[in-house]
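Enquirer: Quick one: structure below, then a few questions.
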Amino acid sequence: MKGIFARASKSAYAKNPVLGCLVFATVSAWILISFFRLRGELPGSGGAASHQQQQQQQAPSIRTSTNTNEINRINEFAQHLIDYPIQWPYRNRFGEMGSRLRLVREWIELADAAAAAATSDEEKVGAEVLRNTTERVLGHTFPFLLTYTNWWAPFADLRQRFTGKQKQGIVIPTGTRTFRFACHLVVSLRKVLDSKLPIQIVYAGDFDLPPEQREEIASLSKDGDITFMDILTVFEDKTLKLGTGGWAIKAFAALAAPFEEVILLDADTVFLQKPEMLLQQRAYAEKGALLFHDRLLWQHAFQDRHRWWHAQIKFPSLELNKSLVWTQEYAEEADSGVVVLNKSRLDVLLGLLHTAWQNTEPVREETTYKLTYGDKESWWLGLELAGSQYAFEKHYAGIVGWMHENGTTSKKKDDGKKRVCSFVIAHVDEEDKLIWYNGGLAKNKMTMPDVFEVPTHWMIDADWEKGAAKEDMSCIAGGKAIPLTKEESAILAKSMKLAEEVDSSLALIDKSR
1 MKGIFARASK
11 SAYAKNPVLG
21 CLVFATVSAW
31 ILISFFRLRG
41 ELPGSGGAAS
51 HQQQQQQQAP
61 SIRTSTNTNE
71 INRINEFAQH
81 LIDYPIQWPY
91 RNRFGEMGSR
101 LRLVREWIEL
111 ADAAAAAATS
121 DEEKVGAEVL
131 RNTTERVLGH
141 TFPFLLTYTN
151 WWAPFADLRQ
161 RFTGKQKQGI
171 VIPTGTRTFR
181 FACHLVVSLR
191 KVLDSKLPIQ
201 IVYAGDFDLP
211 PEQREEIASL
221 SKDGDITFMD
231 ILTVFEDKTL
241 KLGTGGWAIK
251 AFAALAAPFE
261 EVILLDADTV
271 FLQKPEMLLQ
281 QRAYAEKGAL
291 LFHDRLLWQH
301 AFQDRHRWWH
311 AQIKFPSLEL
321 NKSLVWTQEY
331 AEEADSGVVV
341 LNKSRLDVLL
351 GLLHTAWQNT
361 EPVREETTYK
371 LTYGDKESWW
381 LGLELAGSQY
391 AFEKHYAGIV
401 GWMHENGTTS
411 KKKDDGKKRV
421 CSFVIAHVDE
431 EDKLIWYNGG
441 LAKNKMTMPD
451 VFEVPTHWMI
461 DADWEKGAAK
471 EDMSCIAGGK
481 AIPLTKEESA
491 ILAKSMKLAE
501 EVDSSLALID
511 KSR
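Per the UniProt record's numbering, residue 1 is the first one in the sequence shown, and the count goes up by one each step.
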């Protein structure tokens, strides 16, 4: 048995020297416990769960089996993670959750390597026992994974969900409030952009998206390639409360989706290229996760937020060190209207689990939605803290809209700056071509929901002038105003025409007011 883990570890070391160091630290489990305690993590007091409760819902313990000393040490540390779960208050435990996930990732990789190198039944059993350990830890750490059908192996069950024939797909969480925008998005994807990717609509129970509305969405695609998933049938909702959680459903929709590669979309997303192009971005292919920046606004305005980020992230990644939000204290990093994830990559999947944890009801109500706006920052933060690879688009968010001599918020009437103004935020691909924007097809989805007007220009890498209220336009000033191409204008014009037809046939304007 000792030989199999030596061979597995040697193989892992060859691929990644850092992994070798971490596996060695894993074997020396109690040294790690001391390390975490010095950092103020994994406290030795404060609400350990009773062993009697744990035994009611767990796979057989490694302690009951005859295994190597290495596995026993791992099991002892695993039991410590179970005995001392992350509990309220959560604000200063985000970094610790990331540390735990990094460690579990090493155990999973070690178990996989051991299974691949096994040459005897005993060695195969040893690898399986190590897998059972990780299942116990993940089940106790993320109780929303546990259902009456998968309590034995919740993480394996989760991974099994996306091993089907459809490897790539679009996921759109929506409910009654965003139903109209979802209809617009579906007809644009299918009838204008001719996207062939399967679409899954995710909702939280019949109250969130009634059967009749699901039927109406399904009718918008004649190919019958739109599926629906009630998220409440997948995860234990006790700690989630997704029916009233708003943005919180998004992380769980991505987690539960049947696709290895997920393009997660807000319902009010507007595309100017096929969403398939997102999967072809070089940064995504390299890292396995592609995120998009928000606007550069309100520098130095949210000191508490920045102090908290820096307290949780002791060793920022190369990607984070490129961030102007991280280095220059702008307010918001991410626009989570589009998130692209490759869940077949273990680091990305575990980072997504961190993001999901941030969006559970107790954590979001205490910290995530108090210190930041909704789910926006939970995506990069989860990936960062879990040690996952990810990439942001090269530019901070731009705008697509209309030329104005002076923006609505400009105090200088004769400053000579060109401005592009609108109510939306725009993003470009790696070739600096417009690919999507948020806010829906209507000119202003909040105040002018039945007014459609094709934008004429876009601008990026210039100064934002934020509108004071929802009915006020925002502008970018001082950059190059770039006209939309004929193709881009035609895509938007056709999408808007179809949106108006859908509004009429389904009486959506009346339903949305």
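Beta carbons are placed, not taken as given, at the ideal position from N, Cα and C, and that holds for glycine.
Is it true that the region 416-427 meets the region 125-136, where meeting means three or more beta-carbon pairs spaced less than 8 Å apart?
Expert: no
Enquirer: Enumerate, from N- to C-terminal direction, the unbroken alpha helix (DSSP H) stretches of 4 or more residues contained entirely within the region 243-292.
Expert: 249-256 and 282-287
Enquirer: May I have a chain-ordered list of the alpha helix (DSSP H) segments no shorter than 4 residues that lie completely inside the region 74-144?
Expert: Qualifying alpha helix (DSSP H) stretches, in chain order: 94-117 and 121-141.
Enquirer: Excluding the 5 residues flanking Asp503 on each side, which residues of the same chain have their C-beta closer than 6 Å to its C-beta?
Expert: For the purposes of this step, residue 503 is identified with residue 503 of the sequence shown, where counting begins at 1. The answer, listed in chain order, is Ile509.
Enquirer: Would residue 514 be called buried (16 or more neighbouring beta carbons within 10 Å of its own) or exposed?
Expert: Only positions 1 to 513 of the chain appear in the structure, and residue 514 is not among them; the question remains open.
Enquirer: Using only the alpha-carbon positions, how far apart do Ala12 and Gln79 sit?
Expert: Your numbering for residue 12 matches position 12 in the sequence shown. Your numbering for residue 79 matches position 79 in the sequence shown. Note that Ala12 scores a pLDDT of 46, beneath 50, so its modelled location is shaky and nothing firm can be said.
Enquirer: Would you give the residue range spanned by the alpha helix (DSSP H) that Arg180 belongs to?
Expert: One-based indexing of the sequence shown puts residue 180 at position 180. Counting along the chain, the alpha helix (DSSP H) containing Arg180 begins and ends at Phe179 to Val187.
Enquirer: Chain D beta carbons: is any one of them nearer than 8 Å to that of Ala248?
Expert: Any reference to chain D falls outside this structure, which holds one protein chain only.
Enquirer: Tyr437 by DSSP, collapsed to three states: which one?
Expert: The residue given as residue 437 occupies position 437 in the sequence shown. Strand, per DSSP.
Enquirer: How big is the Cα-Cα spacing for Ser61 and Pro89?
Expert: As a first step, residue 61 must be located in the sequence shown, where it is residue number 61. As a first step, residue 89 must be located in the sequence shown, where it is residue number 89. For Ser61, the predicted model reports a pLDDT of 35, less than 50, meaning its position is unreliable; a value from the coordinates is still stated below. Spanning the two alpha carbons is a distance of roughly 29 Å.
Enquirer: When the Cα atoms are used, what is the spatial distance from Ile33 to Ala218?
Expert: The residue given as residue 33 occupies position 33 in the sequence shown. The residue given as residue 218 occupies position 218 in the sequence shown. At Ile33, the pLDDT of 44 sits below 50, so the modelled position is not reliable and the matter cannot be decided from this model.
Enquirer: In chain order, what residues of the same chain have a beta carbon less than 8 Å from the beta carbon of Lys274, not counting five sequence neighbours either side?
Expert: Indexing the sequence shown from 1 puts residue 274 at position 274. Hits under 8 Å: Leu193, Asp194 and Ser195.
Enquirer: For Tyr396, which residues in the same chain have their Cβ closer than 6 Å to its Cβ, ignoring the five residues on either side in sequence?
Expert: Against the sequence shown, residue 396 aligns to sequence position 396. So the list reads His293 and Leu296, once near-sequence residues are dropped.
Enquirer: Leaving out the 5 sequence neighbours to the left and right, which residues in its chain are closer than 7 Å to His354 when beta-carbon positions are compared?
Expert: Translated into positions along the sequence shown, residue 354 becomes position 354. Result list for His354: Met97, Gly98, Leu101, Gly382, Leu385 and Ala386, in chain order.
Enquirer: How should Ala469 be labelled, buried or exposed, when 16 other C-beta atoms within 10 angstroms of its C-beta is the threshold for buried?
Expert: Within the sequence shown, residue 469 is the residue found at index 469, counting from 1. Classification of Ala469: exposed, given that the 10 Å Cβ count is below 16.
Enquirer: Compare the beta carbon distance of Leu291 and Val339 with 8 Å and say whether it is the shorter of the two.
Expert: Locating residue 291 in the sequence shown gives position 291, counting from the first residue. Locating residue 339 in the sequence shown gives position 339, counting from the first residue. A Cβ-Cβ contact shorter than 8 Å links Leu291 with Val339.
Enquirer: For Ile231, which of helix, strand or coil comes out of DSSP?
Expert: The residue labelled residue 231 in the question sits at position 231 within the sequence shown. Of the three classes helix, strand and coil, the one that applies to Ile231 here is helix, per DSSP.
Enquirer: What is the DSSP secondary structure of Trp309, reduced to helix, strand or coil?
Expert: Mapped onto the sequence shown, residue 309 falls at position 309. Of the three classes helix, strand and coil, the one that applies to Trp309 here is helix, per DSSP.
Enquirer: To the nearest angstrom, how far is it from the Cα of Ile231 to the Cα of Pro85?
Expert: Within the sequence shown, residue 231 is the residue found at index 231, counting from 1. Within the sequence shown, residue 85 is the residue found at index 85, counting from 1. Rounded to whole angstroms, Ile231 to Pro85 spans 25 Å at the Cα level.
Enquirer: With distances taken from CA atoms, which of Val125, Leu484, Tyr373 and Ala204 is nearest Ala253?
Expert: To locate residue 253, count along the sequence shown from 1; it is residue 253. Cα-wise, what sits closest to Ala253 is Ala204.
Enquirer: Can you name the residues that DSSP bridges to Gln200?
Expert: The residue labelled residue 200 in the question sits at position 200 within the sequence shown. Its beta-bridge partners are Val171 and Thr227.
Enquirer: So Gln213 and Thr176 are in contact, right, with Cβ under 8 Å, and what is the actual spacing, rounded?
Expert: Within the sequence shown, the letter at position 213 stands for residue 213. Within the sequence shown, the letter at position 176 stands for residue 176. Indeed they touch by this definition, with Cβ atoms about 7 Å apart.
Enquirer: When DSSP labels each residue in this structure, what does Trp464 get in the three-state scheme?
Expert: Along the sequence shown, read from residue 1 onward, the residue named residue 464 stands at position 464. In this structure, Trp464 counts as strand in the three-state DSSP scheme.
Enquirer: In this structure, does DSSP put Ser336 in helix, strand or coil?
Expert: As a position in the sequence shown, residue 336 is number 336, starting the count at 1. Under the three-state reduction of DSSP output, Ser336 falls in the coil class, being neither helix nor strand.
Enquirer: Taking 8 Å as the threshold, find out whether the region 114-124 comes into contact with the region 326-333 through three or more Cβ pairs.
Expert: no
Enquirer: Quick one: is Lys287 buried, meaning 16 or more other Cβ sit within 10 Å of its Cβ, or exposed?
Expert: For the purposes of this step, residue 287 is taken as residue 287 along the sequence shown, with counting starting at 1. Under this definition Lys287 is a buried residue.
Enquirer: Buried or exposed for Ala29, going by 16 or more other Cβ atoms inside 10 Å?
Expert: Within the sequence shown, numbered from 1, the residue matching residue 29 stands at position 29. Unreliable positioning characterises Ala29 in this predicted model, as indicated by a pLDDT of 45, which lies under 50. A coordinate reading is not provided.
Enquirer: Return helix, strand or coil for Gly382, following the three-state DSSP convention.
Expert: As a working mapping, residue 382 is identified with position 382 in the sequence shown. If DSSP states are grouped into helix, strand and coil, Gly382 belongs with the helices.
Enquirer: Please go through the same chain and pick out, in chain order, the residues whose beta-carbon is closer than 8 Å to the beta-carbon of Thr346, but skip the five residues on each side of it.
Expert: Numbered from its first residue, the sequence shown carries residue 346 at position 346. Sequence check: residue 346 is Leu here, not Thr. Closer than 8 Å at the Cβ level, and outside the excluded window around Leu346, lie Arg105, Ile108 and Glu109.
Enquirer: Measuring CB to CB, does Gly440 end up less than 8 Å from Val270?
Expert: As a first step, residue 440 must be located in the sequence shown, where it is residue number 440. As a first step, residue 270 must be located in the sequence shown, where it is residue number 270. Contact: yes.
Enquirer: Can you tell me whether Glu377 is buried or exposed, with buried defined as 16 or more other CB within 10 angstroms of its CB?
Expert: Locating residue 377 in the sequence shown gives position 377, counting from the first residue. Buried, since its Cβ has 16 or more Cβ neighbours within 10 Å.
Enquirer: My understanding is that Arg161 touches Ala256, with C-beta atoms under 8 Å, so please give their C-beta distance in whole angstroms.
Expert: Residue mapping note: residue 161 aligns to position 161 of the sequence shown, counting from 1. Residue mapping note: residue 256 aligns to position 256 of the sequence shown, counting from 1. Contact between Arg161 and Ala256 is confirmed by a C-beta separation of about 6 Å, below the 8 Å threshold.
Enquirer: For the candidate residues Val424, His457 and Thr233, whose alpha-carbon lies nearest to that of Val202?
Expert: In the sequence shown, residue 202 corresponds to position 202, counting from 1. Ranking Val424, His457 and Thr233 by Cα distance to Val202 puts Thr233 first.
Enquirer: For Ala289, which option in Ser388, Ile491 and Thr147 has the closest C-alpha, if you only look at C-alpha atoms?
Expert: Counting from 1 along the sequence shown, the entry for residue 289 is found at position 289. Checked all of Ser388, Ile491 and Thr147; the closest Cα to Ala289 is Ser388.
Enquirer: In this structure, how does DSSP classify Gly401 when only helix, strand and coil are distinguished?
Expert: The residue given as residue 401 occupies position 401 in the sequence shown. Residue state, collapsed to three classes: strand.
Enquirer: Do you know how far the Cα of Asn75 is from the Cα of Leu130?
Expert: Counting from 1 along the sequence shown, the entry for residue 130 is found at position 130. Counting from 1 along the sequence shown, the entry for residue 75 is found at position 75. When rounded, the distance between both Cα atoms is 8 Å.
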